[in-house]
Every structure is written in structure tokens, then in C-alpha cells.
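> Sharing a structure, written as C-alpha cells. Questions coming.
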Amino acid sequence: MTTARFPARDKVAIVGLGSTQYTRDGGKTAPALAIEASQQAIRDAGLNAQDIDGLIGGSWNASPAPVYMQAALGIEEVTWTVHHLIPFATLVISAMNAVFSGVCTTALVYAGLNRMPGLSQSASKDPFRQRMVNNLGGLQLNGRQIPGLSSSYSGWMQRYMHQYGATREDFGRLCISDRSYAADNPRAIFRNTPLTMEQYLDARMVREPMCMLDMDIPIDGADAIVITTVERARDLKKKPVIIHAATYGQVIHAEDDQMPSLDNFSKHAVMRNLWPKSELTLKDMDIFFPYDGFSIIYMNDIEMAGYCKRGEAPDFVKSNWDAKTNRFKINDKILVNPHGGALSEGGNQSAGHVREAITQLRGEAGARQAQNELKNALLISGSLFFNTVGLVLRTE
Amino acid sequence: MDISDEDMLARLPGIRIDHDNKAYYRGLLQHRLLLNRCKTCGTWHSPPRATCPKCWSWDLVPTEISGKGRVYLFSFRNGVPAHGNPSEPSAVAAIELPEGVRFTTTIVNCPKADIRIGMPVALVWVEEDGMPMPAFQPASN
Numbered sequence: 014m015t016t017a018r019f020p021a022r023d024k025v026a027i028v029g030l031g032s033t034q035y036t037r038d039g040g041k042t043a044p045a046l047a048i049e050a051s052q053q054a055i056r057d058a059g060l061n062a063q064d065i066d067g068l069i070g071g072s073w074n075a076s077p078a079p080v081y082m083q084a085a086l087g088i089e090e091v092t093w094t095v096h097h098l099i100p101f102a103t104l105v106i107s108a109m110n111a112v113f114s115g116v117c118t119t120a121l122v123y124a125g126l127n128r129m130p131g132l133s134q135s136a137s138k139d140p141f142r143q144r145m146v147n148n149l150g151g152l153q154l155n156g157r158q159i160p161g162l163s164s165s166y167s168g169w170m171q172r173y174m175h176q177y178g179a180t181r182e183d184f185g186r187l188c189i190s191d192r193s194y195a196a197d198n199p200r201a202i203f204r205n206t207p208l209t210m211e212q213y214l215d216a217r218m219v220r221e222p223m224c225m226l227d228m229d230i231p232i233d234g235a236d237a238i239v240i241t242t243v244e245r246a247r248d249l250k251k252k253p254v255i256i257h258a259a260t261y262g263q264v265i266h267a268e269d270d271q272m273p274s275l276d277n278f279s280k281h282a283v284m285r286n287l288w289p290k291s292e293l294t295l296k297d298m299d300i301f302f303p304y305d306g307f308s309i310i311y312m313n314d315i316e317m318a319g320y321c322k323r324g325e326a327p328d329f330v331k332s333n334w335d336a337k338t339n340r341f342k343i344n345d346k347i348l349v350n351p352h353g354g355a356l357s358e359g360g361n362q363s364a365g366h367v368r369e370a371i372t373q374l375r376g377e378a379g380a381r382q383a384q385n386e387l388k389n390a391l392l393i394s395g396s397l398f399f400n401t402v403g404l405v406l407r408t409e
Numbered sequence: 852m853d854i855s856d857e858d859m860l861a862r863l864p865g866i867r868i869d870h871d872n873k874a875y876y877r878g879l880l881q882h883r884l885l886l887n888r889c890k891t892c893g894t895w896h897s898p899p900r901a902t903c904p905k906c907w908s909w910d911l912v913p914t915e916i917s918g919k920g921r922v923y924l925f926s927f928r929n930g931v932p933a934h935g936n937p938s939e940p941s942a943v944a945a946i947e948l949p950e951g952v953r954f955t956t957t958i959v960n961c962p963k964a965d966i967r968i969g970m971p972v973a974l975v976w977v978e979e980d981g982m983p984m985p986a987f988q989p990a991s992n
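Taken in sequence, the protein lines are chains P and B. Take 14 as the starting number for the first sequence in our numbering and just add one per residue. Take 852 as the starting number for the second sequence in our numbering and just add one per residue.
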């Protein structure tokens, strides 16, 4: 039952989808990849450049600014632009706001990514990567000499293990599930490399207790979508995917190490606000997209969604494990990150989750297509800390 | 001993020092761990900000902490050697201070396997890249 004001409910739809191949060293810049994905998305919607009057661009890892993209795509005039902090799901809300308000009518949402030179030895040997600018999109890391963000994820992972008795195997199971699903996704970096528990437990520690497999795999790649009004969407060629409910969530002191406790994360704020804005409940959700930039976020999001109580996700995953396919599948029906997630498809700050939700709801996922009837998708995106988002997408 | 702005900036290269956090960094050079405390309502804050988030007072006093605390979060930077023990990775820990805030730094003088959530610790000073850094070590209470 809806209890919160949400006039944008079911008024805005996603009508176009475009993505590049993902690679580790593709030899293309983030702007070139963003252009490729954007052209595809606009064509997929059956539109052309001059139909776009809003540009909502991701700002992470060298993703280009709207002023660049407008010129690159040859768009004569736009009436709204934003260069936006991750995750991609936030950009979807931003575009929904712009279309619903009327400040623009048809928005292109895009993010182009290049692996940063500091992320691996091979990336650091690429002379072009050395000159790339890492745009953190206005994210102000505290000006201190002590390391922050990724250590905090692993610190909270340690705290989760301490409070609820979770083990590395519990996190390994999530990584294995993503890897198994990725086998059906031609875009996934890890499509041909199934993962065993032994391999997971032997993987190199990066931020103990977090090993390299608990962290998403950096990529060169881009995703784009086109968003417009539901009325306009009905005249376009693809089945509209409608934004039913959307919220951001943030609690005070969401700075990584100051966050209140495991019982008051920003994701709690997302879930406190998402369902009151929706006419649906968790029981209506036919497919689930937790965020998995780090495995601790994935674990957290299962509980945040309400599938089980705090601290019970490890057991919930075990009791919803499809042993034949090595996949986490809820009630033997609901697929969870069927594209392989950020851990196995590639780290795209939830662009892959949004793309796969649209693809599945359209019925275009091919070998990966869910066997249950899909009407509603639940996405919980973003970090544990400050950039957390909930989305309910649906079809008519 | 007063330390001029120019001297502080020269002695702490590469760190983003600004008007909001300069008292904290000047304190490091004197081996004093200073966190902001509101003179109006008494609340402690970290990281440094211009005003008190609780009562919006601008009357903040960088104040030395007691130096006691307990480990709230911890993790390791694998590949980065611990201070004084290069065979083990450096710990990163968020220390819960009795002042009511957390302070994140490294733990020293403690074998990796002995670090626990809830462990009592006390402030100690180490050098990192030639700069003074506040760290914590095991304490009796």
C-alpha cells in the first residue's frame, strides 16, 4: 500500500538500450565507448539524435561530460544536463526526475568506463592510461593521510562476520553464483571461467578478509539507456519498461567509517522509503538485482530487500541454492543477477544490473531469460555508505 | 611552539590541508591528536568541519582526545607492511573513542592474529613517509 507521495509512479519509461562489449584492454577511450553505447541506445529506441533533449552522464572513471557527448552525438539543442556521481541507478532516477518535471522529454543516460592505471599491473603499463583523468564526480574523499573507502568495505565485512558468525565460504557462495550466471552472458569478462569454493578460498587477499574475488572486476566498457514519458514510450518500437518506484537513501554519518552501525546503513533508508512509494511489495518481485561491487554489499542487499532478517543472508543463500547450476535462485524461481553481476560481468556501478533488468523484462535475454513470468524487477544499487538507491521496474 | 601555515604545508606534502582541517594537521606535527569539539554543546566531531552538526555553532575548539578507545572495524592492507613488523600486512582500524566518534588509522605493536573487534587500545605516535601519524596499540583498558 502506498503511504508516501510519489507522483512520478508509472509515468516514465525506459525505451532504449545500448551497451558495448566489455574488455580489460579494449584500446578505446571511455568517451568512445560512451558514444558507441549511446548510438546503440538511441537506435534501439527507434529515435535519432535530435529526439534527445536531456543528457544524464555518469562521471566515474573518465566517463565524459554532457557537453562532450552533445557535440559528439551531434545533438543540436538540449534543455537539461547533469554529470552525475555513481551508481548508474541514480542516473536513472535523475533522468526520471527531468522527464517527469518536463525540463526535458527524452533523456539519454550513459556511462563510459576505462580501467584506471592504478588497478592492475597491465593497466599501469598502458602509456595512454597513465594520462587518463580519474574523475571522481564530485566525491570528496577526506583529505587525510589514512586510507579510506575500500578498507571500510572490508572493515564492515569483518564486523558482519563478527556479529553474525558469517564465514568466508558464505561470501564465496555469492561470488560463485555470479560466476555461474555469467556463463550465459556473452558480455561477461568471466563467462568462461567457472569458480570453485577452493579457488575462492585460495584467492589473493587484498583487504583481508576481502580477497580479490570479493571485488568487482574493472573494465573498459559503456552502457546507455533512453528514458521518456510513458505516453511517448507507447508509440515507440520496444516494449516500455516503466519506473514504478524509486528512491535514494542516506543516513547521517554515511562517511565510510562513521556510519552508525550494521543496523542503520543508508540501504536501510532506501528500503524504509521504497515500498511506501510503491503499490507493490517484495512478494510481487519476479527478479532481483542486489548490488555486488563488493560481496559484502551483495550480502547486505539480500537482507535489506527483506528476503530474510539481519544476519540471516548466509543461511538464506544456502537454503536457496540451486546445486545443479551452482546458482543462488530464490524459491527455485527468482533469478539473482542473471548477467553475473559486477563481480563477474564487470564493474559498472550497477549499469549492468539496470541493463539486465530491462533486457529480462523485455524478454530479450535469450539463453539467460528467466523461466518465470516477469512483470516486476527489484534493484538495490550503490555502496553501503552514501550513494544508495532502490528501484522497482515493471512492464505493462 | 607555533608552527606557521607555510611550515606545516612544507612538512606535510601531498596532503589536502584546508582551513577546516588545518588545526588537526598542525596537531599531528606536535604529536597532539586534535578533534573538533563544540564549545556550545560539547559534542565531538570527526572528520573536521566548519560548524557543529548538532547545534550549528561555529564555535569549535580543536581539542586533544583522551587517547583511549576500542577497535570497532578492522581490516588489512595486504601487501603494505605493518609498522615495525614487515612480515605482516598493515592494519586499518576504525577506533571507537569514548568522546563519541570513530577515528580511523593503523594498529601497531600487535600481531595480526591478536587484533579483535572490541579490543581496548591506546594512542601512540609513529612516522609514515616522514610524517607523524597517530596510531593505536593494545592497552589494558
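Positions of the beta carbon are idealized from the N, C-alpha and C atoms, including for glycine.
I'd like the span of the beta strand (DSSP E) that includes PRO303(P), first residue to last.
Counting along the chain, the beta strand (DSSP E) containing PRO303(P) begins and ends at 300–303.
> Look at the alpha carbon of ILE300(P) and the alpha carbon of HIS257(P), and state the distance between them as a whole number of angstroms.
Cα to Cα, the separation comes out at about 15 Å.
> Counting along the chain, where does the alpha helix (DSSP H) carrying HIS11(P) start and finish?
In the structure as shown, chain P starts at 14 and stops at 409, and residue 11(P) therefore has no counterpart that could be examined.
> Along the chain, where does the beta strand (DSSP E) that runs through ARG867(B) open and close?
Taken as a continuous stretch (DSSP letters only), ARG867(B) belongs to no beta strand (DSSP E), as it is neither H nor E.
> Does DSSP put CYS224(P) in a helix, in a strand, or in coil?
If DSSP states are grouped into helix, strand and coil, CYS224(P) belongs with the strands.
> Short of 6 Å in beta carbon distance, which residues of its chain neighbour SER9(P), apart from the five on each side in sequence? Order them along the chain.
It is not possible to answer for residue 9(P), since the shown part of chain P is limited to 14 through 409.
> Quick one: is VAL912(B) buried, meaning 16 or more other Cβ sit within 10 Å of its Cβ, or exposed?
Counting Cβ neighbours within 10 Å, VAL912(B) comes out exposed, since fewer than 16 surround it.
> Straight-line CA distance for SER1016(B) to PRO989(B)?
Any property of residue 1016(B) remains undetermined from this structure, which presents chain B solely from 852 to 992.
> Starting from GLY354(P) and walking both ways along the alpha helix (DSSP H), at which residues does that stretch end?
Segment 354–357, the alpha helix (DSSP H) holding GLY354(P).
> I'd like to confirm something about PRO222(P): is its beta-carbon nearer than 6 Å to some heavy atom of the ligand SAH, or not?
Summarising the ligand content, the structure contains no ligands, and the ligand SAH is consequently not present.
> In whole angstroms, give me the CA-to-CA distance for LYS250(P) and VAL25(P).
So the alpha carbons of these two residues sit roughly 16 Å apart.
> State buried or exposed for TRP288(P), treating a residue as buried only when at least 16 other CB atoms are found within 10 Å of its CB.
Its Cβ being crowded by 16 or more others within 10 Å, TRP288(P) is buried.
> Give me the DSSP bridge partner(s) of GLU978(B).
Beta-bridge pairing links GLU978(B) to PRO983(B).
> Can you find at least 3 beta carbon pairs, one from the segment 855–863 of chain B and one from the segment 262–277 of chain P, that sit closer than 8 Å?
Touching, no.
> Determine the chain B residues that contact GLU221(P) at a beta-carbon separation under 8 Å, and present them in chain order.
Correct list: SER926, PHE927, ASN929 and PRO940.
> Is there a Cβ from chain B that is less than 7 Å from the Cβ of ASP270(P)?
It does: the Cβ of ASP270(P) has a partner Cβ on chain B nearer than 7 Å.
> So, using beta-carbon positions, are ILE968(B) and HIS175(P) closer together than 7 Å?
Against a cut-off of 7 Å, the Cβ pair of HIS175(P) and ILE968(B) comes out as a contact.
> Of all Cβ atoms in chain B, is any one closer than 7 Å to the Cβ of HIS175(P)?
HIS175(P) counts as touching chain B.
> I need the boundaries of the alpha helix (DSSP H) containing VAL243(P), first residue and last residue.
Unbroken alpha helix (DSSP H) run through VAL243(P): 243–246.
> Using a Cβ-Cβ distance cut-off of 7 Å, determine whether GLN382(P) contacts chain B.
Chain B, which has no Cβ nearer than 7 Å to the Cβ of GLN382(P), makes this no.
> Less than 7 Å between C-beta atoms, sequence neighbours within five positions excluded: which residues of the same chain meet that for ARG181(P)?
LEU214 and PRO222, listed in sequence order.
> Using a beta-carbon distance below 7 Å, is ARG862(B) in contact with chain P?
With 7 Å as the cut-off, ARG862(B) does not count as an interface residue toward chain P.
> With the cut-off set at 7 Å, would you say SER193(P) and THR338(P) are in Cβ contact?
Closer than 7 Å, so yes.
> Does the Cβ-Cβ distance between PHE954(B) and ILE966(B) come in under 7 Å?
Contact flag unset, no.
> Between which two residues does the alpha helix (DSSP H) harbouring HIS366(P) extend?
Looking at the DSSP string, the run of the alpha helix (DSSP H) that includes HIS366(P) is 364–375.
> Measuring only between beta-carbons, confirm whether ARG192(P) sits less than 7 Å from chain B.
It does not; no Cβ of chain B falls within 7 Å.
> What's the C-alpha gap between MET298(P) and LEU348(P)?
One C-alpha to the other measures close to 10 Å.
> Looking at GLY131(P): is its Cβ nearer than 7 Å to the Cβ of HIS96(P)?
Going by C-beta atoms, GLY131(P) is not nearer than 7 Å to HIS96(P).
> Going along the chain, which residues of its own chain have a beta-carbon closer than 7 Å to the beta-carbon of VAL5(P), five neighbours each way excluded?
Any property of residue 5(P) remains undetermined from this structure, which presents chain P solely from 14 to 409.
> If we ignore side chains and look at the alpha-carbon of each, how far apart do TRP895(B) and CYS906(B) end up?
Distance between the alpha carbons of TRP895(B) and CYS906(B) is about 12 Å.
> Could you tell me which chain B residues have their CB closer than 8 Å to the CB of GLN171(P), listed as they occur along the chain?
In chain order: LEU924, PHE925, SER926 and ILE968.
> Could you compute how far the alpha carbon of SER941(B) sits from the alpha carbon of ALA390(P)?
Straight-line Cα distance between these residues: approximately 42 Å.
> Please work out which residues of its chain come closer than 7 Å, Cβ to Cβ, to SER926(B), disregarding the five sequence neighbours upstream and downstream, and give them in chain order.
Around SER926(B): VAL943.
> Thinking C-alpha only, which one of GLY930(B), GLY951(B) and GLY865(B) is nearest SER897(B)?
Closest option to SER897(B), Cα to Cα, is GLY951(B).
> Can you check which of these residues, GLN171(P), GLY67(P) and GLN384(P), is closest to ALA120(P) by C-alpha distance?
Considering only alpha carbons, the answer is GLY67(P).
> Please classify GLN881(B): is it buried, with 16 or more other beta-carbons within 10 angstroms of its beta-carbon, or exposed?
When all chains shown are included, GLN881(B) counts as exposed.
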